[in-house]
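Engineer: Numbering (the UniProt record's numbering), first residue to last: 1 to 359.
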Ligand SMILES: [Zn+2]
Ligand SMILES: [Zn+2]
Ligand SMILES: [Zn+2]
């Protein structure tokens, strides 16, 4: 993620609604990926301080303590919710105090994932725009976390644009327990969103496109029986040499899970590299450099990240080993993403100006 600054010069962060230094209200504009310092004006609109021609409304969920969403809505957009909040269709029952916190944790992670999409010019349609395959999020509970609901088991997953997340994933104790049980190295809410959106973009960018034959060569047949693969994975576990072929053990379950896991990893790399560039830790032109150069920088950065973590007594920030086959898969995803980027209309981003991420 890029770095943001208030008009007073202080650093502000992606989720901030106020500058800690000068106290001014700030908001994030998803169309330009910029953070604005806001001034109140009449008619429910706010403008960037000193720039009367930029007018926004605040997301409906900003005023509520619950979400404190800092995203802005352009003056001509009729929605009351921002581009991220409006994608959520079902939230966990708010009468239960724990669910209030869960909703916020999930929305925070989702907003960060949506930033990744916008930053890569990966377009999506809402359910309102496409009732059959538009993107929508349902945050649901099952009996394991709320005995009052009917569903026995809610699985986090994707189906034709609907991304379902088990709300209990927002609880650190639940995530750690599942991570241990599944023998995973990594389990984060942001990672879940990046994984599930990977399934959505497979459907949009790869399925029945010119990419599908190459996908099948690199990842395997996407039409293999999913239920049999799942049963086999849970009964027999991952193959012992999975690291030679996959980014994670779970990725070896089915070619579509391999794609989603590798896609999530690509967004993970993409965002972390952007952060490192914006803090002047490395020099890189993410859009222009070839993947070999990008990957070499990534390896250099992850060695440093792990060393820093060990110095403060923490586990490795990047516990992954990337073998040749995984590199090929990441490189394929980069080509798919760059191709989608080139074919998406850049008009909405024309206001980016000199912004580092919007080239
Ligand atoms: Zn300030
Ligand atoms: Zn919002
Ligand atoms: Zn999946």
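Idealized CB from N, CA, C, for every residue including glycine.
(1) Nearer than 7 Å: is that true of the beta carbon of residue 24 relative to any heavy atom of ligand 5?
(2) If distances are taken between C-alpha atoms only, which option among 257, 106, 7, 339 comes closest to residue 39?
(3) For the beta strand (DSSP E) containing residue 158, list its first residue and its last residue.
(4) Examine ligand 2 and report whether any of its heavy atoms sits within less than 7 Å of the Cβ of residue 84.
(5) What's the call for residue 19, buried or exposed, on a 16-neighbour Cβ count within 10 Å?
(6) Contact between the segment 173-180 and the segment 105-121: three or more CB pairs below 8 Å?
(7) Give me whichever residues DSSP pairs with residue 28 in a beta bridge.
(8) Name, in chain order, the residues that DSSP records as bridge partners for residue 118.
(9) Tell me whether residue 92 is buried or exposed, calling it buried when 16 or more other Cβ atoms sit within 10 Å of its Cβ.
(10) Put residue 354 into one of helix, strand or coil per three-state DSSP.
(11) Measuring CA to CA, which of 339, 159, 139 is closest to residue 133?
(12) Could you check if residue 111 is buried or exposed, using at least 16 other CB atoms within 10 Å of its CB as the buried criterion?
(13) By the 10 Å Cβ neighbour count, where 16 or more other Cβ atoms means buried, how is residue 200 classified, buried or exposed?
(14) For a test of your reading of the model: does the CB of residue 59 fall under 7 Å from any non-hydrogen atom of ligand 1? Yes or no.
(15) Would the C-beta of residue 21 count as close to ligand 1, meaning under 7 Å from any of its heavy atoms?
(16) For the segment 58-67 against the segment 75-85, do three or more pairs of beta-carbon atoms, one drawn from each stretch, fall closer than 8 Å, so that the two count as touching?
(17) If we call anything under 8 Å between Cβ atoms a contact, is residue 109 one with residue 190?
(18) In angstroms with no decimal places, state the Cα-to-Cα distance between residue 46 and residue 74.
(19) Decide if the segment 167-174 is in contact with the segment 143-152; the criterion is three or more beta carbon pairs, one per stretch, under 8 Å apart.
(20) Any heavy atom of ligand 3 within a distance shorter than 7 Å of the CB on residue 260?
(21) For residue 344, I'd like the list of residues in its chain whose CB is within less than 6 Å of its CB, leaving aside the five on either flank, ordered along the chain.
(22) Verify the contact flag: residue 81, CB atom, against every heavy atom of ligand 2, threshold strictly below 7 Å.
(23) How long is the line joining the alpha carbons of residue 320 and residue 186, rounded to whole angstroms?
(24) Should residue 15 be labelled buried (16 or more other beta-carbon atoms within 10 Å of its own) or exposed?
(25) Note down, in chain order, each residue of its chain lying with its Cβ closer than 6 Å to the Cβ of residue 28, except the 5 sequence neighbours on either side.
(26) Could you spell out where the alpha helix (DSSP H) holding residue 282 opens and where it closes?
(27) Do you know whose CA, among 213, 228, 128, 3, lies nearest residue 78's CA?
(28) Quick check: is the beta carbon of residue 132 nearer than 8 Å to any beta carbon in chain D?
(29) For residue 101, which option in 65, 88, 161 has the closest C-alpha, if you only look at C-alpha atoms?
(30) Between the C-alpha atoms of residue 87 and residue 137, what's the straight-line distance to the nearest angstrom?
(31) Can you give me the Cβ contacts of residue 276 inside the same chain, cut-off strictly under 6 Å, excluding the 5 residues immediately before and after it?
(32) Is residue 350 buried or exposed, if buried means 16 or more other CB atoms sit within 10 Å of its CB?
(33) Does any heavy atom of ligand 2 sit closer than 7 Å to the C-beta of residue 71?
(34) Name, in chain order, the residues that DSSP records as bridge partners for residue 166.
(35) Any contact between the segment 331-338 and the segment 261-269? By contact I mean 3 or more CB pairs, one from each, below 8 Å.
Structural biologist: The short version:
(1) Ligand 5 is absent from the structure shown, which contains only ligand 1, ligand 2 and ligand 3.
(2) 7
(3) 157-159
(4) yes
(5) buried
(6) no
(7) 35, 71
(8) Beta-bridge pairing links residue 118 to no other residue.
(9) buried
(10) Residue placement at residue 354 cannot be trusted, given a pLDDT of 32 that sits under 50; the coordinates are not used to answer.
(11) 159
(12) buried
(13) buried
(14) no
(15) yes
(16) yes
(17) yes
(18) 10 Å
(19) yes
(20) yes
(21) 121, 123
(22) yes
(23) 10 Å
(24) exposed
(25) 35, 70, 71
(26) It is not in any alpha helix (DSSP H) - residue 282 carries neither H nor E in the DSSP assignment.
(27) 128
(28) Considering every chain present, this structure includes no chain D. It has just one protein chain.
(29) 65
(30) 6 Å
(31) 282, 301
(32) In this prediction, residue 350 scores a pLDDT of 34, lower than 50, which makes its location untrustworthy; no coordinate-derived value is stated.
(33) yes
(34) 140
(35) yes
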